[in-house]
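Novice:
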Amino acid sequence: MKERPSVETLVQGILNQDRYILSRAITLIESQLPDDRQAAEQLLTQLLPHTGNSFRIGITGVPGVGKSTFIDQLGKRYIEEGHKVAVLAVDPSSPIHGGSILGDKTRMNYLASRTEAFIRPSAAGETLGGVGSKTLETLLLCEAAGYTRILIETVGVGQSEVLVQGMTDFFLLLLLPGAGDELQGIKKGIVEMADGIVIHKADPNQLDKARKAKTEYQQALHLLPLRSDQWIPEIVLVSSLYDSGWNNLMEYLAKYHTFVLQEDRLENRRKQQLLQWMDNQLKDTLWLHFRNNPEVILNWDGIHSAVKSESISVSEGVRKLLSFVEINNSYR
Ligand SMILES: Nc1nc2c(ncn2[C@@H]2O[C@H](COP(=O)(O)OP(=O)(O)O)[C@@H](O)[C@H]2O)c(=O)[nH]1
Ligand SMILES: [Mg+2]
């Protein structure tokens, strides 16, 4: 293992838009070692003033809907507009640096060959909040390194889409033509989270189905309560294979971007997100603190068995476990 560059070297390298240094810094962010954690925090604090200057787009949908292929196309268009594009992928079901991202890279041929693009899988942490907070920190580093479009791919499983929605400015849901929610394995609630929907793989021979799906989802969207920011999500038909629908989509994204840049909307959304992150991290930290308490560890199985065999109630089990840590008495 090569020695870690100093925080100062990392800061300078990132501000100079050095991709190698950016990679090293992300590795540091992902490290669980206490020393590294401390360095990572210093790094982030120093870079924070240089962050925030990107349009952050989250892309979700079931495996196989074509997210990676779509991102390659989207990234290409942004590069043609003069942007630098970072692609992060969050897949809590795959181990760090393993599995699906290798497959994903082969779907991102264009981006993989461009120096204006940076592709990085996001490490799976131990806790859900862990996965998300590393991705958020990685996103911030990419911004400091001059990336102006950040695309985050996430699989619509587990809670990853909630986390990714919580760190992006625009959350895009990719759906397939000709299948209802249930068939697509889309969880209830994801449609509500979306700032826009793409019916993907709307190839020429799928257009009828795609239009029908659009009508159905439009009806579903109409039933949702009006959003507090007044934005009305729309549905765009896109085929990445046939290169169609892209002008509409690019216009739509630009329209949203203009919209959020007005009246502090973006700023408010990001502030809201930050507070949410803090709460999540606090919950995770409290939970880890609790679970690592020696007495809790010692008594964990016994109390669980007691609840299972109904010799004590759930509340009593909770009370007993909490009695090992110092938590305000009002919870007991
Ligand atoms: N027919 C069609 N197939 C597509 C389109 N976009 C992607 N695909 C294919 O869908 C499959 C899954 O794509 P991928 O990008 O890996 O999906 P992901 O799992 O959501 O990231 C691949 O075989 C792609 O070639 C499209 O617009 N039309
Ligand atoms: Mg993929």
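The numbering of the sequence shown is this note's numbering, which starts it at 67 and goes up by one.
Beta carbons are placed, not taken as given, at the ideal position from N, Cα and C, and that holds for glycine.
1. Under 8 Å, do P243 and Q272 count as touching if we go by C-beta distance?
2. Would A210 and L332 qualify as a contact pair, given that the criterion is a beta-carbon distance under 8 Å?
3. Does the beta carbon of G65 fall short of 7 Å from some heavy atom of ligand 1?
4. Specify the secondary structure class of T126 as computed by DSSP and reduced to three states.
5. Would Y86 be called buried (16 or more neighbouring beta carbons within 10 Å of its own) or exposed?
6. How far does the alpha helix (DSSP H) with E376 in it reach, from first residue to last?
7. I'd like to check one pair, L217 with L290: are the Cβ atoms closer than 8 Å?
8. Do H266 and L238 have their CB atoms nearer than 8 Å?
9. Quick check on DSSP: helix, strand or coil for I218?
10. What does a CB cutoff of less than 7 Å around I369 pick up in its chain, not counting 5 residues either side in sequence?
11. How long is the line joining the alpha carbons of P299 and S72, rounded to whole angstroms?
12. Closer than 7 Å to a non-hydrogen atom of ligand 2 - does that hold for the CB of S226?
13. Under a three-way DSSP split, which group does I87 fall into?
14. Between the Cα of L207 and the Cα atoms of T324, Q83, G148, which residue gives the shortest distance?
15. For S306, count neighbouring C-beta atoms within 10 Å of its own C-beta (all shown protein chains included) and say buried if the count is 16 or more, exposed if not.
16. Who does P187 pair with in a DSSP beta bridge?
17. Using 8 Å as the cut-off, can you tell me whether the stretch 313 to 320 makes contact with the stretch 331 to 350, which would need three or more C-beta pairs spanning the two stretches below that distance?
18. Just grab the DSSP bridge partners of V302 for me.
19. Measure the CB-CB distance between K150 and G212 and report whether it falls below 8 Å.
20. Tell me the DSSP secondary structure of R70 in three-state form.
21. Spell out the partners DSSP gives L292 in its beta bridges.
22. Does ligand 2 have a heavy atom nearer than 7 Å to the CB of E219?
23. Between the alpha carbons of S120 and R215, how many angstroms are there, rounded?
24. Have a look at the DSSP bridge pairing and note the partners of L241.
Specialist: The relevant details are as follows:
1. Their beta carbons are under 8 Å apart, which means P243 touches Q272 by this criterion.
2. no
3. The structure shown does not extend to residue 65, since the chain is modelled only from 67 to 398, so the question has no answer here.
4. strand
5. exposed
6. No alpha helix (DSSP H) contains E376, which DSSP labels as neither H nor E.
7. no
8. Contact flag unset, no.
9. strand
10. G383, K386, L387
11. 45 Å
12. No; taking the cut-off as 7 Å, the Cβ of S226 has no heavy atom of ligand 2 nearer than that.
13. helix
14. Q83
15. buried
16. A155
17. no
18. V302 is bridged by DSSP to V264.
19. yes
20. For R70, the secondary structure class from DSSP, reduced to helix, strand or coil, is coil.
21. L292 is not bridged to any residue.
22. yes
23. 5 Å
24. I265
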